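**Student:**
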Amino acid sequence: MTVTHDRAADAAAYVAGELDHSACDDFENHLIDCEQCWAEVEAGRAGRAIAEAGREVAPVHLRDSIRALVAAAPLGSAPLGAAREQAPADPVIGTAIERRRVPGRLLVAAASVALLLAGLVVATHRPEQPSAIRAAVAGFREQRLPGRGIPLAGAPDLGRLSMRSIGAGSGSLEGQQVTAYAYRDDQGRRLLIYVSDEAFPTARGAVRQGSADGPWIAETDEVTVLCARRPHALLVLGEDTTLVRAAADALDVT
Amino acid sequence: MTDEDFLRATLGHLDLVHSLARRLMPSREAAEDLVQETYLRALQGWRKQPPDAVAPWLATICLNTGRSTFRRAAVRPVEILDADAGRDVSAPADVERQVIGRLDAEAVHRALWRLPEAQREAITLMDLCGFTAAEVAEMIGSPRGTVLARVHRGHKALAELVREEVYDSDA
Numbered sequence: 001m002t003v004t005h006d007r008a009a010d011a012a013a014y015v016a017g018e019l020d021h022s023a024c025d026d027f028e029n030h031l032i033d034c035e036q037c038w039a040e041v042e043a044g045r046a047g048r049a050i051a052e053a054g055r056e057v058a059p060v061h062l063r064d065s066i067r068a069l070v071a072a073a074p075l076g077s078a079p080l081g082a083a084r085e086q087a088p089a090d091p092v093i094g095t096a097i098e099r100r101r102v103p104g105r106l107l108v109a110a111a112s113v114a115l116l117l118a119g120l121v122v123a124t125h126r127p128e129q130p131s132a133i134r135a136a137v138a139g140f141r142e143q144r145l146p147g148r149g150i151p152l153a154g155a156p157d158l159g160r161l162s163m164r165s166i167g168a169g170s171g172s173l174e175g176q177q178v179t180a181y182a183y184r185d186d187q188g189r190r191l192l193i194y195v196s197d198e199a200f201p202t203a204r205g206a207v208r209q210g211s212a213d214g215p216w217i218a219e220t221d222e223v224t225v226l227c228a229r230r231p232h233a234l235l236v237l238g239e240d241t242t243l244v245r246a247a248a249d250a251l252d253v254t
Numbered sequence: 255m256t257d258e259d260f261l262r263a264t265l266g267h268l269d270l271v272h273s274l275a276r277r278l279m280p281s282r283e284a285a286e287d288l289v290q291e292t293y294l295r296a297l298q299g300w301r302k303q304p305p306d307a308v309a310p311w312l313a314t315i316c317l318n319t320g321r322s323t324f325r326r327a328a329v330r331p332v333e334i335l336d337a338d339a340g341r342d343v344s345a346p347a348d349v350e351r352q353v354i355g356r357l358d359a360e361a362v363h364r365a366l367w368r369l370p371e372a373q374r375e376a377i378t379l380m381d382l383c384g385f386t387a388a389e390v391a392e393m394i395g396s397p398r399g400t401v402l403a404r405v406h407r408g409h410k411a412l413a414e415l416v417r418e419e420v421y422d423s424d425a
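So this is what it looks like as structure tokens:
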């Protein structure tokens, strides 16, 4: 490859992981000798790490609000922005938002009552999960790694599922030493894999696959958890059960 | 395709839309309003013709809605002009890496809001939403090279902000 020496463009594509295999190899060879490109890449990586530290999960109440709003949205209604387009700038935008918020909140309240009633039924049967499983699920939902330790092993390759690694860290999961690997695909689907030297506790409500020490699968708080003990203790978490199972297959633990 | 299908197809991307809205709007409340508006507009589109790829479709609606409606109400952020224009950059020192490790989401949010809007948008779509430069280019109607350049300048500006934080905390 002829290095174009457009430092920013080369470094940007490299840091973004958007160079093809051959171009990537050539650029890495070039980095060995080019201090300026190396500095560009390091600065780009630092900025990317900062940006990724800003990940947040949507608040739970927002999900409920959207469900309520969708349930209330009439078929064939006028374009939603129409009222706002006619409105003057700032104050009326606020009013328009408020206009939507009021019915939204009422609907949420009504939906909450229904959910509460349904929840009362479910809650009596909802099993309390072992603390490590609860922490693992919370880590998935909050997109939080168990620690900042540098993993001893690289992230397992889930490229055949189009899942790319977006973060990894070692730390403690309720006292159990684990390494976590986070993945995401282009559709925004996520997986989180925990690996440990110790066995994970069995989730309440888990359904075992095959033998007594075979993998189990459970669903808690809308997160699917699959656990395998061989060849090592491993948890795979995701919102898409099919994807979780496919990941376990790809890792050859099922 | 029913509204329940819509919810099934789109709620899995709520974190993505929320992340994007948080970087388009200055406050949590405004971001949540933008998310709701995005979903309502998406529902209208879904009822006419469900998209082939849900995530980029939702992100595009969020971007356009944020631009067309809510942004007028947004406070214009303090912008850093291209922080590294015309000069070389130095690689971040170890102490800065430690600071990066200590940054919380709120601090990152504040730092991102000090970037020019185009850079913040491009960084959010690529780093937080996971889209490729080509996908982002299609969403925002700019060439892929422009997207990569914005992301890279934004990355370096963020690193510069952290560097300042290190020096401030040492002072």
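Chains A and B are the protein sequences, given in the same order.
Be aware that the first sequence starts at 1, since it is given in this note's numbering, and climbs by one per residue.
Be aware that the second sequence starts at 255, since it is given in this note's numbering, and climbs by one per residue.
Note that beta-carbon positions come from the ideal geometry of N, C-alpha and C, so glycine has one too.
Being a predicted model, the structure only gives us computed values, none of them experimental.
Taking the CB atoms as reference points, tell me whether G44 (chain A) and A72 (chain A) lie closer together than 8 Å.
**Tutor:** no
**Student:** To the nearest angstrom, how far is it from the Cα of D269 (chain B) to the Cα of A58 (chain A)?
**Tutor:** 5 Å
**Student:** Give the interface partners of D186 (chain A) over in chain B, defined as CB-CB distance under 9 Å, in chain order.
**Tutor:** A307, A309, P310, G384, F385, T386, E389
**Student:** Is it the case that the Cβ atoms of V244 (chain A) and R230 (chain A) are separated by a distance below 8 Å?
**Tutor:** no
**Student:** Quick one: is T179 (chain A) buried, meaning 16 or more other Cβ sit within 10 Å of its Cβ, or exposed?
**Tutor:** Here T179 (chain A) is buried, its C-beta having at least 16 other C-beta atoms within 10 Å.
**Student:** Grab me the residues of R148 (chain A)'s own chain with a C-beta within less than 6 Å of its C-beta, minus the 5 sequence neighbours each way, in chain order.
**Tutor:** G169
**Student:** Determine which residues share a DSSP beta bridge with S196 (chain A) and list them.
**Tutor:** In DSSP, S196 (chain A) forms a bridge with A:V178, A:A233.
**Student:** Per the DSSP calculation, R208 (chain A) is bridged to which residue(s)?
**Tutor:** Note: R208 (chain A) sits in a beta bridge opposite A:W216.
**Student:** Just the Cα atoms here: how many angstroms apart are Q290 (chain B) and Q143 (chain A)?
**Tutor:** Cα-Cα distance, rounded: 22 Å.
**Student:** What does the Cβ neighbour count give for R407 (chain B), buried or exposed, with the cut at 16 atoms within 10 Å?
**Tutor:** buried
**Student:** Give every residue of the same chain whose Cβ lies closer than 6 Å to the Cβ of E389 (chain B), excluding the five residues on either side of it in the sequence, and list them in chain order.
**Tutor:** P310
**Student:** Just to make sure I have the definition right: I need the residues of chain A whose C-beta is within less than 7 Å of the C-beta of R276 (chain B). Which are they?
**Tutor:** E56
**Student:** Keeping to the same chain, check which residues put their C-beta closer than 7 Å to that of D25 (chain A); ignore five residues upstream and five downstream.
**Tutor:** Take D25 (chain A), set aside five residues on each side of it, and no residue of its chain has a beta-carbon closer than 7 Å to its own.
**Student:** With H, G and I counted as helix, E and B as strand and the rest as coil, what does DSSP make of S172 (chain A)?
**Tutor:** strand
**Student:** What's the gap between the Cα of A212 (chain A) and the Cα of P201 (chain A)?
**Tutor:** 14 Å
**Student:** V70 (chain A) lies in the alpha helix (DSSP H); which residues open and close that run?
**Tutor:** Annotation for V70 (chain A): the continuous alpha helix (DSSP H) segment containing it runs 60-72.
**Student:** Where do the ends of the alpha helix (DSSP H) carrying A247 (chain A) lie?
**Tutor:** 241-250
**Student:** Which residues mark the beginning and the end of the alpha helix (DSSP H) in which L312 (chain B) is found?
**Tutor:** 308-319
**Student:** With burial defined as no fewer than 16 other Cβ atoms inside 10 Å of the residue's Cβ, what is the status of A199 (chain A): buried or exposed?
**Tutor:** exposed
**Student:** Just the Cα atoms here: how many angstroms apart are L161 (chain A) and A250 (chain A)?
**Tutor:** 8 Å
**Student:** Going by Cα to Cα distance, which pick from A:I193, A:L226, A:E35, A:R134 is closest to A206 (chain A)?
**Tutor:** A:L226
**Student:** Alpha helix (DSSP H) containing L268 (chain B): first to last residue?
**Tutor:** 268-278
**Student:** According to DSSP, simplified to helix, strand and coil, what is L402 (chain B)?
**Tutor:** Assignment of L402 (chain B) by DSSP, reduced to helix, strand and coil, places it in the helix class.
**Student:** Measure the CB-CB distance between G139 (chain A) and L192 (chain A) and report whether it falls below 8 Å.
**Tutor:** yes
**Student:** Once you ignore the five residues that flank P130 (chain A) on each side, which residues in its own chain have a CB closer than 6 Å to its CB?
**Tutor:** P201
**Student:** Taking the alpha-carbon positions, what's the G188 (chain A) to G384 (chain B) distance?
**Tutor:** 7 Å
**Student:** What are the residues of the segment 38-54 of chain A that lie near chain B, defined by any Cβ-Cβ distance shorter than 9 Å?
**Tutor:** W38, A39, E40, V41, E42, A43, G44, R45, A46, G47, R48, A49, I50, A51, E52, A53, G54
**Student:** Nearest-angstrom Cα distance between A16 (chain A) and P74 (chain A)?
**Tutor:** 42 Å
**Student:** Strictly below 8 Å CB to CB, what residues from chain B border I66 (chain A)?
**Tutor:** L261, L265, L268, V289, Q290, Y293
**Student:** What is the residue span of the alpha helix (DSSP H) that L297 (chain B) lies within?
**Tutor:** 282-302
**Student:** Are the Cβ atoms of I50 (chain A) and L412 (chain B) separated by less than 8 Å?
**Tutor:** yes
**Student:** Any beta carbon of chain B sitting closer than 8 Å to that of V244 (chain A)?
**Tutor:** It does not: the Cβ of V244 (chain A) has no partner Cβ on chain B nearer than 8 Å.
**Student:** How is I150 (chain A) classed by DSSP in three states: helix, strand or coil?
**Tutor:** coil
**Student:** Give me the chain B residues within the contact set of E239 (chain A), using Cβ-Cβ distance strictly less than 7 Å, ordered along the chain.
**Tutor:** Chain B residues near E239 (chain A): G266.
**Student:** When DSSP labels each residue in this structure, what does A165 (chain A) get in the three-state scheme?
**Tutor:** According to the sequence displayed, residue 165 (chain A) carries Ser and not Ala. Three-state result, S165 (chain A): strand.
**Student:** With distance defined between alpha-carbon atoms, name the residue in B:P304, B:M279, B:L369, B:R262 nearest to N318 (chain B).
**Tutor:** B:M279
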